[in-house]
Structure formats: structure tokens, C-alpha cells
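J.: Quick one: the structure is below, and I'll ask about it shortly.
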Amino acid sequence: MSISCDMLVFGGTGDLTLHKLLPALYHLHRDGRLHSDVRILALARKKLDRAGYLALAERHCRAQVARGDFSVDTWQAFAQRLDYFAMDASQRGEFVRLAHHLGSGDRRVRVYYLATAPDLFEPIASHLESAGLAGENARIVLEKPIGHSLESARAINAAIGAVFAESRIYRIDHYLGKETVQNLMALRFANALFEPIWRAGHIDHVQITVAETLGVENRGGYYDHAGAMRDMLQNHLLQLLCLVAMEAPVRFDAESVRNEKVKVLQALKPITGMDVLDKTVRGQYGAGQIGGHDVPAYYFEPSIDNDSDTETFVAVQTEIDNWRWAGVPFYLRTGKRLPKQTSMIAIRFRQPPQQLFRETPLEMIDPNWILLSIQPEESMHMEIHVKQPGLDMDTRVMQMNASFVTTDEATLDAYETLLLDVIEGDRTLFIRFDEVEWAWRVVDPILKNWAVEREYIPTYPAGSWGPADANRLFDSDDQAWRNEL
Ligand code: BG6
61 MSISCDMLVF GGTGDLTLHK LLPALYHLHR DGRLHSDVRI LALARKKLDR AGYLALAERH
121 CRAQVARGDF SVDTWQAFAQ RLDYFAMDAS QRGEFVRLAH HLGSGDRRVR VYYLATAPDL
181 FEPIASHLES AGLAGENARI VLEKPIGHSL ESARAINAAI GAVFAESRIY RIDHYLGKET
241 VQNLMALRFA NALFEPIWRA GHIDHVQITV AETLGVENRG GYYDHAGAMR DMLQNHLLQL
301 LCLVAMEAPV RFDAESVRNE KVKVLQALKP ITGMDVLDKT VRGQYGAGQI GGHDVPAYYF
361 EPSIDNDSDT ETFVAVQTEI DNWRWAGVPF YLRTGKRLPK QTSMIAIRFR QPPQQLFRET
421 PLEMIDPNWI LLSIQPEESM HMEIHVKQPG LDMDTRVMQM NASFVTTDEA TLDAYETLLL
481 DVIEGDRTLF IRFDEVEWAW RVVDPILKNW AVEREYIPTY PAGSWGPADA NRLFDSDDQA
541 WRNEL
């Protein structure tokens with residue numbers, strides 16, 4: 061059972077709160093994971109009273125909570141924890157009203173969750189301080205993206221850091237809360253099996269794919285200024301890469317784990333100048349079909365300029381310049397409106413030094429793969445050669461499949477895990493300031509290079525695997541994107 065706290069959610073009527081945070085808190089409440097005294101205060105500009113907010117929140121929770129899982133009784137008990145306070149978070153004076161509303165003298169942990177546009181991060185932190193609300197018992201949670209460049213991320217880190225000590229700042233990358241992402245650490249560091257082969261010399265290359273079928277939905281206003289590089293690659297994909305590539309931390313605690321991740325980011329070979337052309341591919345979805353339905357081109361989506369050149373797909377070839385990984389290409393790609401929703405890490409091994417079983421035609425000799433599916437399935441697959449039954453000494457590929465969860469094991473959703481960690485004060489799965497900055501150092505030169513040639517962006521039909529050009533990133537002809545498990 062976690063500890064008691066007040067959770068204040070700025071952006072209380074926004075998509076993130078209604079679609080993710082409240083359903084996650086509802087589940088935690090239902091499963092008895094929240095201390096009976098945890099109170100949730102949603103804050104936003106909309107003039108709503110408590111009853112109005114509860115009605116809005118209930119409507120969204122009903123829609124988000126898995127079918128058959130929503131119970132009116134549970135909701136009513138959960139709603140007891142929930143309150144609403146209408147305020148304009150950009151106005152300093154409003155925080156005096158908030159402080160008054162909260163009352164004083166209470167040493168409870170107070171969590172400020174900033175589910176707002178990033179341009180409100182700095183004013184909110186400074187207004188909290190001036191209203192005397194940022195004391196020792198206060199924690200702040202920031203959603204990605206932290207800034208839109210290295211420079212702006214530094215400014216945000218400095219401004220938040222002037223009010224909250226780093227130990228009280230929780231920067232969320234919700235991919236780190238996903239079960240299989242944490243399982244990656246368990247696989248690597250709770251088993252001796254993988255370690256000797258987890259390196260150049262044994263691994264041919266690594267692919268990390270996060271594919272979505274969704275378009276920009278109603279987030280066009282934000283997305284058109286971000287694009288796939290800032291929205292996904294700078295954070296989620298680089299975090300996955302860090303977990304695949306990092307050394308074993310000395311301990312499983314926040315600083316040790318994050319130290320190792322930062323070392324990976326520091327070792328990534330910079331992609332600058334002409335390399336940007338060679339090692340990156342971007343694209344924007346045109347009209348097409350997803351699941352048999354026609355979908356419009358990106359520039360016809362709501363709130364998108366019709367001459368927008370924002371990328372909705374990005375693929376990058378990168379390399380980690382250290383002893384373990386030198387010479388092993390890492391291929392990363394992510395895109396919206398791809399044919400299926402799948403997040404996967406695919407690790408291809410080198411061929412054995414000798415081909416003994418000559419019956420098997422050379423072109424049929426597939427290398428070994430380890431495939432980690434993050435979603436929708438949470439599973440691991442290993443492709444190995446076994447003997448083909450029969451008289452001939454011939455081989456075929458067999459897939460060994462292991463699901464990480466059995467049907468009777470309830471796993472926590474990413475936001476459930478992360479919200480519990482914030483309440484309990486565990487920062488292991490959150491991003492440290494220097495991680496954010498090193499990740500921006502990786503993508504900034506690419507974004508700058510793209511910014512000079514903004515007139516043209518290749519398109520790909522919605523429902524395809526992105527621009528065909530993404531295939532040219534591979535180092536050798538026998539490498540290709542792995543789209544299926
Ligand atoms: C968010 C991005 O961080 O992650 C979205 O802003 C994206 O654009 C989402 O759709 C994907 O998350 P998930 O958990 O659905 O894979």
C-alpha cells in the first residue's frame with residue numbers, strides 16, 4: 061500500500077489527464093494500491109464545479125477503462141478522492157488562491173503533475189514557489205517533451221531546478237513504465253545467459269521499431285510543431301536504445317541506472333553534416349487506408365497547415381562508439397499511420413563461422429534473432445536453427461515463443477507503474493536532467509539540418525511501412541526491416 065499524498069494535476073481537463081492519468085488512478089484505487097488518504101485535485105481553466113468535473117471525468121473513465129471493468133460503485137468510491145479547482149496557471153495571483161484552498165500546516169507529500177503544454181512548466185514552478193507551495197514535501201512531474209531543442213531543454217531544466225531539487229523532479233517517459241521495457245532490464249541483468257553474446261562480435265545489428273496506426277488525432281496543434289523526431293525518437297526510442305545497450309548498473313537504483321543510460325547517449329556517434337542525408341530518412345503520411353478504411357493525408361488533419369512539412373515518420377541509423385558496441389548499427393524507426401501498431405526490439409545475430417549443413421541452401425540460412433515485443437504482445441521470441449525431421453541432415457528455423465505475462469497475471473499499465481513510483485518516491489524509471497540534454501544533443505544536429513531544407517518532405521501512403529527510402533539506411537544487402545514477429 062502506498063503512502064498518502066495530494067496529487068495536483070495541472071491540465072486537468074486535457075487529453076492526457078482524462079485518457080491516461082485518471083483511468084490509471086482509477087485502476088490503482090480499484091486494486092487497493094492507493095492509500096485511503098490519497099487525494100486528487102484536477103486544475104484547469106475551464107469554469108466547472110466539482111460535480112461538472114466529476115461528470116466529465118466519469119465519462120472519460122468509462123470510455124477508457126477496459127470494457128466490463130468499469131463499476132459504478134468503484135467509481136463512486138474513487139470519486140470521493142477527486143476534486144476540481146478552476147484556475148489560470150499562467151497567472152501568479154491564482155496560486156495565492158490555490159494555496160488558500162489547500163490550507164497549510166500539512167506535511168503530506170504533494171505531487172504536482174504538469175500535464176500541460178511545456179511552455180507552462182517554468183511559470184507554474186515559479187508561481188508555486190512564490191505562493192510557498194514548493195517546500196520540501198513537494199514533487200514535480202513533467203511530461204515529455206522537455207523543450208524542443210537542447211537550448212530550450214536546458215532553460216527548462218534550469219528554471220525547474222531553481223525551484224525543485226533534482227531529487228524532487230520526475231521527468232516522465234511513459235515507455236519506461238511499460239512491462240516489457242522493464243523486462244528488458246530483467247532479461248539482461250537477471251540472467252547470465254545473454255551477457256556474453258550481447259555485444260559486437262556476436263550481434264550483427266539491432267532494430268527498434270515503434271509503429272502506430274493512429275494519425276495525429278486531435279493533437280495537431282502540438283504535433284505539427286514537434287514531428288516524429290521530437291515526439292518519439294528523442295525520448296521513447298532513445299530510451300529503448302539505452303536499455304538495450306547500457307552496461308549493468310552497480311545497483312538497481314535511480315542514480316546507478318541513469319548513470320549507465322547517460323553513458324550510452326554520450327557514446328552515440330553524432331550525425332551531422334552530410335551524414336544527416338545518409339543516415340536519416342523522414343516522411344509524412346499521405347492519404348491511404350488503415351484497416352480497410354480510407355484515411356486523409358496528414359496535411360488534411362485538423363489544425364495542420366496544408367503546406368506543413370512536419371515529419372510523421374523517421375528512421376535513423378546510429379552507432380554507439382564504445383567497446384561493447386563499436387561497429388554494430390542500431391536502426392531506429394517510428395511513424396504514424398503505419399499498417400499496424402507494434403513496438404518491437406529486434407536483435408539479429410551473426411552467422412556461425414562455418415556452414416556445416418550443406419543441404420540447406422545458403423539463401424535459406426537465416427541468422428538467429430531475438431525479438432522483444434513491447435506491444436501489443438508482451439513477449440520474447442528467439443529464432444534458432446533446428447534439424448529438419450527426416451533422413452537428411454538439414455536445418456530449419458524454429459521460433460521459441462515466450463509470453464511475459466500469463467492470462468491470470470494482471471500487469472500494471474505504464475502510467476499506473478509510474479504514478480505509484482512518484483507517490484513512493486522512486487525515480488529509477490524517470491529521466492534525469494542530463495539524460496534529456498544528451499538525448500537532445502543526438503537529435504538537434506539532425507533537426508537543424510532538416511530545418512534548412514524544409515521545402516520538401518517525401519510522403520508515404522497511410523497504411524504502408526513509411527517511405528521506401530527507409531531501406532537505404534541498411535549497411536548491407538542482407539539486412540532489412542523486420543515488420544513481423
Ligand atoms: C506519446 C506521443 O508520447 O506516445 C504520441 O506523444 C504517441 O504521439 C504515444 O502516440 C505512443 O504511446 P503508446 O503507449 O500508445 O505506444
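If you read the sequence shown in the working numbering, its first letter stands for residue 61, the second for the next number, and so on.
Note that beta-carbon positions come from the ideal geometry of N, C-alpha and C, so glycine has one too.
Here the structure is a predicted model, which means the values were calculated and not measured.
Between the segment 359 to 377 and the segment 517 to 536, do three or more beta carbon pairs fall short of 8 Å?
T.: Result yes; three or more Cβ-Cβ pairs closer than 8 Å.
J.: Going by beta-carbon coordinates alone, are residue 229 and residue 200 separated by less than 8 Å?
T.: Residue numbering aside, residue 229 sits at position 169 when the sequence shown is read from its first letter. Residue numbering aside, residue 200 sits at position 140 when the sequence shown is read from its first letter. A contact, by the Cβ cut-off of 8 Å.
J.: How far does the alpha helix (DSSP H) with residue 245 in it reach, from first residue to last?
T.: Taking the first residue of the sequence shown as position 1, residue 245 is located at position 185. Where residue 245 is concerned, the enclosing alpha helix (DSSP H) stretches over 239 to 249.
J.: Any idea what DSSP makes of residue 510, helix, strand or coil?
T.: Walking along the sequence shown from the start, residue 510 turns up at place 450. Note: residue 510 maps to helix in three-state DSSP.
J.: Tell me whether the beta-carbon of residue 372 lies closer than 8 Å to the beta-carbon of residue 420.
T.: Taking the sequence shown and counting its residues from 1, one reaches residue 372 at position 312. Taking the sequence shown and counting its residues from 1, one reaches residue 420 at position 360. The answer is no: Cβ separation not under 8 Å.
J.: Spatial neighbours of residue 510 within its chain, please: C-beta separation below 6 Å, excluding the five flanking residues on both sides.
T.: Your numbering for residue 510 matches position 450 in the sequence shown. So the list is empty, once near-sequence residues are dropped.
J.: Return the Cβ separation of residue 223 and residue 253 in integer angstroms, given the expectation that the two are a contact with Cβ distance under 8 Å.
T.: Start at 1 with the first residue of the sequence shown, and residue 223 comes out as number 163. Start at 1 with the first residue of the sequence shown, and residue 253 comes out as number 193. Between residue 253 and residue 223 the Cβ distance is about 46 Å, and since that is not below 8 Å, they are no contact.
J.: Taking the beta carbon of residue 89 as the centre, do at least 16 other beta carbons fall within 10 Å, making it buried, or is it exposed?
T.: Taking the sequence shown and counting its residues from 1, the one referred to as residue 89 is at position 29. By the neighbour-count rule (16 or more Cβ atoms within 10 Å), residue 89 is buried.
J.: Would you list the residues sitting across from residue 403 in a DSSP beta bridge?
T.: For the purposes of this step, residue 403 is taken as residue 343 along the sequence shown, with counting starting at 1. Residue 403 pairs with 270 and 435.
J.: Find the nearest neighbour of residue 345 within the set 414, 404, 312 and 273, judged by alpha-carbon distance.
T.: The residue labelled residue 345 in the question sits at position 285 within the sequence shown. Per the Cα distances, 273.
J.: Using 8 Å as the threshold, is the C-beta distance between residue 289 and residue 270 below it?
T.: Against the sequence shown, residue 289 aligns to sequence position 229. Against the sequence shown, residue 270 aligns to sequence position 210. No, these two residues do not count as a Cβ contact at 8 Å.
J.: Out of 383, 248 and 321, which one is the CA nearest neighbour of residue 260?
T.: Working through the sequence shown from its first residue, we reach residue 260 at position 200. The shortest C-alpha separation from residue 260 is found at 383.
J.: Quick one: give me the first and last residue of the alpha helix (DSSP H) that residue 159 is part of.
T.: What you label residue 159 is simply residue 99 of the sequence shown in a count that begins at 1. Per DSSP, residue 159 belongs to the alpha helix (DSSP H) from 152 to 162.
J.: Specify, as a first and last residue, the run of the alpha helix (DSSP H) that residue 184 falls within.
T.: Start at 1 with the first residue of the sequence shown, and residue 184 comes out as number 124. Membership of residue 184 in the alpha helix (DSSP H) is indicated by the continuous run 181 to 190.
J.: Using DSSP bridges, identify the partner residues of residue 462.
T.: Translated into positions along the sequence shown, residue 462 becomes position 402. Beta-bridge pairing links residue 462 to 440.
J.: Starting from residue 136, trace the beta strand (DSSP E) both ways and give me its first and last residue.
T.: Start at 1 with the first residue of the sequence shown, and residue 136 comes out as number 76. Not the beta strand (DSSP E): residue 136 falls in the alpha helix (DSSP H), residues 132 to 139.
J.: Have a look at the DSSP bridge pairing and note the partners of residue 377.
T.: For the purposes of this step, residue 377 is taken as the residue at position 317 of the sequence shown. Per DSSP, 391.
J.: For the beta strand (DSSP E) containing residue 69, name the first residue and the last one.
T.: Locating residue 69 in the sequence shown gives position 9, where the first residue counts as 1. Annotation: the continuous beta strand (DSSP E) that includes residue 69 extends over 65 to 70.
J.: Return yes when the Cβ of residue 134 is within less than 8 Å of the Cβ of residue 434, no when it is not.
T.: For this step, residue 434 is matched to residue 374 along the sequence shown. For this step, residue 134 is matched to residue 74 along the sequence shown. Cβ distance not < 8 Å, so residue 434 and residue 134 don't count as in contact.
J.: Applying the 10 Å Cβ sphere with the 16-neighbour rule, what's the burial state of residue 63?
T.: Position 3 of the sequence shown, counting from 1, holds the residue named residue 63. Residue 63 should be labelled exposed.
J.: How do the segment 302 to 322 and the segment 363 to 371 stand: do at least 3 beta-carbon pairs fall below 8 Å, yes or no?
T.: no
J.: Grab the span of the beta strand (DSSP E) containing residue 143 for me, first residue to last.
T.: As a working note, residue 143 is residue 83 in the sequence shown. Run containing residue 143: 142 to 146, per the beta strand (DSSP E) assignment.
J.: May I ask you to verify whether the segment 115 to 135 touches the segment 165 to 176, counting CB pairs closer than 8 Å and requiring at least 3?
T.: no
J.: Regarding residue 404 and ligand 1, is the C-beta to nearest heavy atom distance less than 7 Å?
T.: Numbered from 1 along the sequence shown, position 344 holds the residue referred to as residue 404. The closest heavy atom of ligand 1 lies 7 Å or more from the beta carbon of residue 404.
J.: Taking 7 Å as the cut-off, is the beta-carbon of residue 292 closer than that to any non-hydrogen atom of ligand 1?
T.: For this step, residue 292 is matched to residue 232 along the sequence shown. Yes.
J.: Can residue 437 be considered in contact with ligand 1, in the sense that its beta carbon sits closer than 7 Å to one or more heavy atoms?
T.: Start at 1 with the first residue of the sequence shown, and residue 437 comes out as number 377. No, Cβ of residue 437 sits at least 7 Å from all heavy atoms of ligand 1.
J.: Please report the straight-line C-alpha distance between residue 524 and residue 275, rounded to a whole angstrom.
T.: Translated into the one-based positions of the sequence shown, residue 524 becomes position 464. Translated into the one-based positions of the sequence shown, residue 275 becomes position 215. Taking the straight line joining both Cα atoms gives about 13 Å.
J.: Taking just the CA atoms, how far does residue 444 sit from residue 364?
T.: What you label residue 364 is simply residue 304 of the sequence shown in a count that begins at 1. What you label residue 444 is simply residue 384 of the sequence shown in a count that begins at 1. Roughly 47 Å separates the two Cα atoms.
J.: Could you give the distance in angstroms between the alpha-carbon of residue 323 and the alpha-carbon of residue 180?
T.: Within the sequence shown, the letter at position 263 stands for residue 323. Within the sequence shown, the letter at position 120 stands for residue 180. CA-to-CA, the gap between residue 323 and residue 180 works out to about 30 Å.
J.: Checking the sheet assignment: what are the DSSP bridge partners for residue 521?
T.: Translated into the one-based positions of the sequence shown, residue 521 becomes position 461. Answer is 346.
J.: When you measure from the CB of residue 204 to every non-hydrogen atom of ligand 1, does any distance come out below 7 Å?
T.: Your numbering for residue 204 matches position 144 in the sequence shown. For ligand 1, at least one heavy atom lies less than 7 Å from the Cβ of residue 204.
J.: Taking DSSP as the reference, what is the three-state secondary structure of residue 383?
T.: For the purposes of this step, residue 383 is taken as the residue at position 323 of the sequence shown. If DSSP states are grouped into helix, strand and coil, residue 383 belongs with coil.
J.: By the 10 Å Cβ neighbour count, where 16 or more other Cβ atoms means buried, how is residue 285 classified, buried or exposed?
T.: Within the sequence shown, the letter at position 225 stands for residue 285. It is exposed - the Cβ of residue 285 has fewer than 16 other Cβ atoms within 10 Å.
J.: With a Cβ-Cβ cutoff of 8 Å, do residue 68 and residue 500 count as a contact?
T.: Position 8 of the sequence shown, counting from 1, holds the residue named residue 68. Position 440 of the sequence shown, counting from 1, holds the residue named residue 500. Cβ distance not < 8 Å, so residue 68 and residue 500 don't count as in contact.
J.: Determine which residues share a DSSP beta bridge with residue 201 and list them.
T.: Mapped onto the sequence shown, residue 201 falls at position 141. BP columns for residue 201 point to 173 and 230.
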